[in-house]
Each structure stands twice: as C-alpha cells, then as structure tokens.
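Trainee:
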Amino acid sequence: MNAAVTTNLVGITGIARRLVLDGALDEVSAREALDKATAERKPVVAWLREKKVLR
C-alpha cells in the first residue's frame, strides 16, 4: 500500500508549485508566499529570496 502524501495545488502556480512538488516548500508556505508577494507587488521568487524562505 502506497501512503503518498498528496497536496492540494489548486491556485499554486509557477515556481511556487514547482518548489512544492520538489519538496523544497510546503503547501501552506507557498500559499502565504504567493499572497504576500502579490500584496507587495513583487515576483514570488524575489519575495522568497528577500525573506530567506529558501536556503
């Protein structure tokens, strides 16, 4: 029996989606990053780098 964890990726797009699929970012953090980057009118990659979310 395969106990793979599935995530709901609806609404997560682009690099954020890829990072979730690769396991570098969890779904909740991806949604938060997308929301905050949009609010600050910045690309999500710039926001992630600026906030040091990714190592």
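Quick note: the sequence shown, position 36, residue 339 per the working numbering, numbers continuous.
Even for Gly, the Cβ is constructed at its ideal location relative to N, Cα and C.
Keep in mind that this is a model prediction, so the values were computed, not measured.
Do you know offhand how far A319's Cα is from N311's?
Mentor: The alpha-carbon atoms of A319 and N311 are separated by roughly 13 Å.
Trainee: DSSP state of E335, grouped into three classes?
Mentor: Correct three-state label for E335: helix.
Trainee: By how many angstroms is the C-alpha of D325 removed from the C-alpha of V331?
Mentor: Each residue's Cα considered, the two are about 15 Å apart.
Trainee: Would a C-beta distance cut-off of 8 Å place G317 and V347 closer than the cut-off?
Mentor: Their beta carbons are under 8 Å apart, which means G317 touches V347 by this criterion.
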